[in-house]
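**Student:** In short: position in the sequence shown from 1, add 440, done, that's the numbering used here. Ideal placement from N, C-alpha and C gives every residue a C-beta, glycine not left out. If you scroll down you'll find the structure; I have some questions about it.
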Amino acid sequence: MLCQNLILNIYGKTNQETQIIDTIGYQNTHTNFKSILNSIDTLGIKLGKLGYLEHEIKSSKKLNDSTVETLINLNKKFNYIYIRYNLETINEDILNPYTTNTGKHLLKIEFNDLEYTLQSLNAKLAEHGLPFTTLKLEDIKIENDSVIAKLKTSQEEKARHLDIIVIKGYEKFPKKFIKYYSKLKKDNLFNMTNILKQTNQINKLTFANLIRDPEVLFTKDSTTLYIYVEKQKSNNFDGYIGFATNEDTNKLEFSGYVDMLFRNNLNYGETLKLLYRSDESEQKTFNVNIDVPYIFNTPIGTDLELNIFKKDSTFSTVDQSLKLYYQINPAHKIFAGLSSTQSSNLLETTTNSTINDYKSTFYQFEYNFINTAIENTFFPTKSYANIETGFGPRTYENTKENQILINTELYHTFYLNYNNSIFSRLTAGVLHSDSFLENELLYFGGINSIRGFEENSLTANLYSVLNLEYRYQLNSTMYINTITDFSYFENKISLLKEKLISFGVGFALFTNAGLLKLIYANGKTEKQPFSIDNAKIHLSLTTSF
């Protein structure tokens, strides 16, 4: 037996009221009379929320076997509701956006916004440490053509604070990172929205990540937060081999480096970096850097560095620096410190007057910014900025001269889609001085600078390098890229101003041993023609352990 559909038509007292009812909307087709009554009740609730508190259902009659007609008088529409509240039970900071000048302890809210406003106020209560308290309206009545109501809380509750923070999974996780990196502290006002944001910062650490969302245990007298963390492999080995043909001897020459990074092995969040580099032009570099965050359980960290550079038998330079830093938030860090440099002329004769023993002491200031893209395995850093400046006296031959040194590195990855991205990086350095020594100039060139040139083969008192790459990710383990590098530098000792350009291709592959990168690049000066003989091949392997 087929079920007959019933049609419901609802009209207002006037054509205008009927249009309002149609605009609000209601269900027209029904299978039984109970459904019709529910539809009329639902419309009545909607009308009340819009301010038609005095609407009346005048009649509801069946015109025939399939049609029911209902007449509703909307009567007066109230645009606003005035809500009284008691400051003894509700924090005024929560209500401030809605208070009016019409009287003390009074809210004026449009009926259209009433439901949303109450939801917002309840959310604000939760943000103020009252997760179990809700607001409701009582004693709703009409006085002097205005709608008046009282705002009541569902229960009286003291604001909750974080009493205990428990780390599960990685029990030796350095607690200082919870306090200063994630900004989660005991006695913080309980706010679950903020807790989720703050704990998610742990995923930006290279040595740990969240296993699952945090959980909260509420008891009558305490609030305990459980954070589930696991330790990650974060030690890195980065090795590089470069080879090219010597233009003078036509022999194959090798260069390379070993870069070791040990992170959080003592469970303090500390970092130890060791670098040894041997370049084609008989240059050797040894660098040690130690970073210890949040010393003495304070928001201050310390950064120590020793760098030894030797250029064949010409000179050697030793740089030492000590910097203190403050982590503003996971993305921003500022540094201040002191560096000392001592360089020695190793030549037996003193015919080269541009190489000389000297000492310098610089006051240093540095700013660091990093924006990570956790979901991208190949390119986890979306944006990066590091600006370092130092100033102070350089002394040689009993002469003091003030100098300013500025080093900058900026890069950004433009993610076009999953497969395609564009990488851009600008590195620059400038040494400002009235006079220059060869053994204090800035060295650049190579795999981490302008590719297609020997490692650290270029010297300048001012330089800039722009790296551009188009990257195409073939799958989750491999990508290919183009290389386009530009550089400009000045060397006031040799009175040289030069523009450089480099083109090439590369690819990267995740292997069982780590990330393998191969780069083929050909660099030249502005006036020099391209030659295959000048091409450089850079091969590097980065692995975590």
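Using the Cα positions of I530 and S594, report the straight-line distance between them to the nearest angstrom.
**Tutor:** Counting from 1 along the sequence shown, the entry for residue 530 is found at position 90. Counting from 1 along the sequence shown, the entry for residue 594 is found at position 154. I530 and S594: Cα-Cα distance of roughly 11 Å.
**Student:** Candidates Q760, D678, E583, R717: which alpha carbon is nearest M700's?
**Tutor:** Position 260 of the sequence shown, counted from the start, is the residue given in the question as residue 700. The option with the nearest alpha carbon to M700 is D678.
**Student:** Just to confirm the assignment, what range does the alpha helix (DSSP H) spanning T557 have?
**Tutor:** Counting from 1 along the sequence shown, the entry for residue 557 is found at position 117. According to the DSSP assignment, T557 belongs to the alpha helix (DSSP H) that extends over 554-567.
**Student:** Name the residue from S586, N478, N901 whose alpha carbon lies nearest to the alpha carbon of S934.
**Tutor:** Here residue 934 is taken as the residue at index 494 of the sequence shown, counted from 1. When each option's Cα is compared against that of S934, the closest is N901.
**Student:** Using 10 angstroms around the beta-carbon of P833, count the other beta-carbons present and answer buried if the total reaches 16, otherwise exposed.
**Tutor:** Within the sequence shown, residue 833 is the residue found at index 393, counting from 1. That one is exposed.
**Student:** Using C-beta distances below 7 Å, list every residue in its chain close to F929, excluding the 5 sequence neighbours before and after it, in chain order.
**Tutor:** Here residue 929 corresponds to residue number 489 of the sequence shown, with the count starting at 1. Answer for F929: L898, A900, L902, Y903, E938, listed in chain order.
**Student:** Run through DSSP, which three-state label would T458 get?
**Tutor:** By 1-based counting over the sequence shown, the position of residue 458 is 18. T458 falls in the helix class under three-state DSSP.
**Student:** Between which two residues does the beta strand (DSSP E) containing Q638 stretch?
**Tutor:** For this step, residue 638 is matched to residue 198 along the sequence shown. That residue, Q638, is in no beta strand (DSSP E); its alpha helix (DSSP H) goes 632-640.
**Student:** In chain order, what residues of the same chain have a beta carbon less than 6 Å from the beta carbon of K453, not counting five sequence neighbours either side?
**Tutor:** As a first step, residue 453 must be located in the sequence shown, where it is residue number 13. Closer than 6 Å at Cβ, skipping near neighbours: N513.
**Student:** Buried or exposed: L965, going by 16 or more other Cβ atoms within 10 Å of its Cβ?
**Tutor:** Numbered from 1 along the sequence shown, position 525 holds the residue referred to as residue 965. It is Thr, not Leu, that sits at residue 965 in the sequence shown. That one is exposed.
**Student:** Could you give the C-beta distance for S783 and E880, rounded to a whole number, given that I count them as a contact under 8 Å?
**Tutor:** Locating residue 783 in the sequence shown gives position 343, where the first residue counts as 1. Locating residue 880 in the sequence shown gives position 440, where the first residue counts as 1. Sure, about 7 Å apart at Cβ, within 8 Å.
**Student:** Excluding the 5 residues preceding and the 5 following A961 in the sequence, name in chain order all residues of the same chain whose CB lies nearer than 6 Å to its CB.
**Tutor:** Sequence index remark: in the sequence shown, residue 961 carries index 521 (1-based). Within the same chain, A961 has close Cβ partners R891, G892, I923, S942, G944, K976.
**Student:** According to the neighbour-count rule (16 or more other Cβ atoms, all chains shown, within 10 Å of its Cβ), is I618 buried or exposed?
**Tutor:** The residue you call residue 618 lines up with position 178 of the sequence shown. Flag for I618 reads buried.
**Student:** Name the one or two DSSP bridge partners that P833 has.
**Tutor:** Sequence index remark: in the sequence shown, residue 833 carries index 393 (1-based). According to DSSP, which records beta bridges pairwise, P833 is partnered with N842.
**Student:** To which residues does DSSP link T924 through a beta bridge?
**Tutor:** Counting from one through the sequence shown, the residue named residue 924 turns up at place 484. BP columns for T924 point to L908, F943.
**Student:** Taking the alpha carbon of I681 as the reference point, which residue from N952, I667, N896, Y697 has its own alpha carbon closest?
**Tutor:** Within the sequence shown, numbered from 1, the residue matching residue 681 stands at position 241. Nearest of N952, I667, N896, Y697 to I681, Cα basis: Y697.
**Student:** In this structure, does DSSP put F749 in helix, strand or coil?
**Tutor:** Along the sequence shown, one-based indexing puts residue 749 at 309. In the structure shown, F749 falls within a strand segment according to DSSP collapsed to helix, strand and coil.
**Student:** Alpha carbons only, please: which of K763, E841, Y824, A825 is nearest the one belonging to F805?
**Tutor:** As a working note, residue 805 is residue 365 in the sequence shown. Nearest option by C-alpha distance: K763.
**Student:** Find out if the Cβ-Cβ distance for the pair Y851, N888 is shorter than 9 Å.
**Tutor:** Position 411 of the sequence shown, counting from 1, holds the residue named residue 851. Position 448 of the sequence shown, counting from 1, holds the residue named residue 888. In this structure, N888 does not lie closer than 9 Å to Y851 by Cβ.
**Student:** DSSP three-state call for K516: helix, strand or coil?
**Tutor:** Residue 516 sits at position 76 when you count from the first residue of the sequence shown. In the three-state reduction of the DSSP assignment, K516 falls in the coil class, being assigned neither a helical nor a strand state.
**Student:** Does the stretch 632-640 come into contact with the stretch 575-584, if we say contact requires no fewer than three beta-carbon pairs (one atom in each stretch) closer than 8 Å?
**Tutor:** no
**Student:** What span of residues does the alpha helix (DSSP H) with E532 cover, start to end?
**Tutor:** For this step, residue 532 is matched to residue 92 along the sequence shown. Start and end: 532-535.
**Student:** State the beta-bridge partners of S784 as determined by DSSP.
**Tutor:** Counting from one through the sequence shown, the residue named residue 784 turns up at place 344. Answer by DSSP bridge pairing, in chain order: S756.
**Student:** Give every residue of the same chain whose Cβ lies closer than 8 Å to the Cβ of K589, excluding the five residues on either side of it in the sequence, and list them in chain order.
**Tutor:** Numbered from its first residue, the sequence shown carries residue 589 at position 149. In the sequence on display, residue 589 carries Ala and not Lys. Around A589: I521, Y522, I523, R524, L577, E578, D579, I580, K581.
**Student:** Under 6 Å Cβ to Cβ from T781, same chain only, skipping five residues before and after it: list those, please.
**Tutor:** Stepping through the sequence shown from its first residue, residue 781 is reached at position 341. For T781, where only same-chain residues beyond five positions count, the Cβ hits under 6 Å are D759, S800.
**Student:** May I ask you to report which of helix, strand or coil DSSP gives E966?
**Tutor:** One-based indexing of the sequence shown puts residue 966 at position 526. It is coil, neither helix nor strand.
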